[in-house]
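Residue numbers (this note's numbering): 6 to 251.
Built from N, CA and C at the ideal position, the CB exists for glycine as well.
Note that the structure is a prediction, hence the values are computed from the model and not measured.
In what follows, a single structure is set out as structure tokens and then discussed.
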């Protein structure tokens, strides 16, 4: 692999990743995407060898259900990273590292744990997200009203696309109204999606209800042109909100 300088995408599945792997990966000058699924990161973190070990410079990093994530983040050049996919708990554990990045896209892909401190952990993560963020997908507990209306949401001036995945089994229309009211702070928002987590029972919402929510609650968002509430989507075309065919 050390001779394959033109590798652009590298995927690891169910592997044990050691420092020897990072030595090779760090020299892949054309690498654009790096993905780990069900992997285990061992050995000491790379930053313990400061000055001896190269950091991996890759714009897109994906990690799903991995162990030893601290070793992974220690090996990555945070300032070079632009797109990140990781689990909710991993993001909470590595929030300080997250704050050192210049991310534009963040996707939290693990099932959100409906724990007592779940909303507090999410607030902590959101508070560490860099202001450069433009596209974000995160899981939420829709009954957890404490998460919305918090000042931490105002720390994302460039956010243009927001997707929220509701974790409760039976998300309701009241929660949808509450969430729509809370995202009004994102003045640069162009696209908003509220979906049920895969496998959960989503609420059936009519296009008329979605249009009503948009007009009554999101009218201050001048850049907004797409809204999807539990699978019912509308798009702004020539000044009018029209249904998007499924």
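Q: Please report the residue range of the alpha helix (DSSP H) in which residue 67 lies.
A: As a working mapping, residue 67 is identified with position 62 in the chain shown. Premise fails: residue 67 lies in the beta strand (DSSP E), 65-69, not in any alpha helix (DSSP H).
Q: Count the other C-beta atoms from every protein chain shown that fall within 10 angstroms of the C-beta of residue 218, then say buried if there are 16 or more, exposed otherwise.
A: For this step, residue 218 is matched to residue 213 along the chain shown. With 16 or more other Cβ atoms within 10 Å, it is buried.
Q: Taking residue 218 as part of the beta strand (DSSP E), name the residues at either end of that continuous run.
A: Locating residue 218 in the chain shown gives position 213, where the first residue counts as 1. From DSSP, residue 218 is part of no beta strand (DSSP E) but of the alpha helix (DSSP H) over 212-222.
**Q.** Inter-residue spacing [alpha-carbon to alpha-carbon] between residue 41 and residue 224
**A.** Taking the first residue of the chain shown as 1, we reach residue 41 at position 36. Taking the first residue of the chain shown as 1, we reach residue 224 at position 219. Each residue's alpha carbon lies about 41 Å from the other.
Q | Spatially closest choice to residue 72 from 59, 189 and 46, by CA coordinates | A | Taking the first residue of the chain shown as 1, we reach residue 72 at position 67. Selected option, being the one with the closest Cα: 46.
Q | Nearest candidate by alpha-carbon position, reference residue 200, set 221, 30 and 144 | A | Here residue 200 refers to the residue found at position 195 when the chain shown is read from its first residue. Nearest C-alpha to residue 200: 144.
Q. If you count every other CB in all the chains shown that lies within 10 Å of the CB of residue 43, and 16 or more means buried, which is it?
A. Translated into positions along the chain shown, residue 43 becomes position 38. By the neighbour-count rule (16 or more Cβ atoms within 10 Å), residue 43 is not buried but exposed.
Q. Looking only at C-alpha atoms, which of 23, 18 and 64 sits nearest to residue 35?
A. Taking the first residue of the chain shown as 1, we reach residue 35 at position 30. For residue 35, the nearest C-alpha among the options comes from 64.
Q) Could you give the residue range of the beta strand (DSSP E) that holds residue 83? A) Against the chain shown, residue 83 aligns to sequence position 78. No beta strand (DSSP E) holds residue 83; DSSP gives it neither H nor E.
Q. Per DSSP, residue 133 forms a beta bridge with which residues?
A. Counting from one through the chain shown, the residue named residue 133 turns up at place 128. Partner(s): none; residue 133 has no beta bridge.
Q. Which one of 171, 214, 212 and 222 has the shortest CA to CA distance from residue 188?
A. Translated into the one-based positions of the chain shown, residue 188 becomes position 183. Selected option, being the one with the closest Cα: 222.
Q: Pull up the CB-CB distance for residue 105 and residue 83, whole angstroms please, since I reckon it's below 8 Å.
A: Counting from 1 along the chain shown, the entry for residue 105 is found at position 100. Counting from 1 along the chain shown, the entry for residue 83 is found at position 78. Right, their Cβ atoms sit about 4 Å apart.
Q.
Determine whether the beta carbon atoms of residue 141 and residue 164 lie at a separation below 8 Å.
A. Taking the first residue of the chain shown as position 1, residue 141 is located at position 136. Taking the first residue of the chain shown as position 1, residue 164 is located at position 159. Cβ atoms of residue 141 and residue 164: closer than 8 Å.
Q. If we ignore side chains and look at the alpha-carbon of each, how far apart do residue 227 and residue 102 end up?
A. Taking the first residue of the chain shown as 1, we reach residue 227 at position 222. Taking the first residue of the chain shown as 1, we reach residue 102 at position 97. Computed Cα separation, rounded: 34 Å.
Q.
Distance check for residue 237 and residue 248, CA to CA, integer angstroms please.
A. The count along the chain shown starts at 1 and reaches residue 248 at position 243. The count along the chain shown starts at 1 and reaches residue 237 at position 232. Each residue's Cα considered, the two are about 8 Å apart.
Q.
On the CB-based measure, 16 or more other CB atoms within 10 Å of its CB, does residue 185 come out buried or exposed?
A. Along the chain shown, read from residue 1 onward, the residue named residue 185 stands at position 180. The residue in question, residue 185, is buried, as its Cβ has 16 or more Cβ neighbours within 10 Å.
**Q.** Where the beta strand (DSSP E) through residue 201 begins and ends
**A.** Counting from 1 along the chain shown, the entry for residue 201 is found at position 196. First-last of the beta strand (DSSP E) with residue 201: 196-201.
Q) Given residue 9, which residues of its chain have a CB within under 6 Å of its CB, disregarding the five upstream and five downstream residues? A) Taking the chain shown and counting its residues from 1, the one referred to as residue 9 is at position 4. Once the five neighbours on either side are set aside, residue 9 has no close Cβ partner at all.
(Q) Between which residues of its own chain and residue 37 is the CB-CB distance below 8 Å, once the five residues before and five after are set aside? (A) By 1-based counting over the chain shown, the position of residue 37 is 32. Within the same chain, residue 37 has close Cβ partners 13, 14, 63, 64 and 65.
(Q) On the CB-based measure, 16 or more other CB atoms within 10 Å of its CB, does residue 250 come out buried or exposed? (A) Looking up residue 250 in the chain shown gives position 245. Looking at its Cβ environment, which holds fewer than 16 other Cβ atoms inside 10 Å, residue 250 is exposed.
Q: Using the Cα positions of residue 197 and residue 86, report the straight-line distance between them to the nearest angstrom.
A: As a working note, residue 197 is residue 192 in the chain shown. As a working note, residue 86 is residue 81 in the chain shown. Whole-angstrom Cα-Cα distance: 24 Å.
Q: Helix, strand or coil for residue 51, going by three-state DSSP, please let me know.
A: Position 46 of the chain shown, counted from the first residue, corresponds to residue 51. Low confidence applies to residue 51: its pLDDT is 48, below 50, so where it sits in the model is not reliable, and the reading given next is rough at best. Three-state DSSP puts residue 51 in a helix.
Q: Report the residue from 138, 114, 94 and 109 whose alpha carbon sits nearest the alpha carbon of residue 126.
A: For the purposes of this step, residue 126 is identified with residue 121 of the chain shown, where counting begins at 1. Residue 126 has its Cα closest to that of 94, out of 138, 114, 94 and 109.
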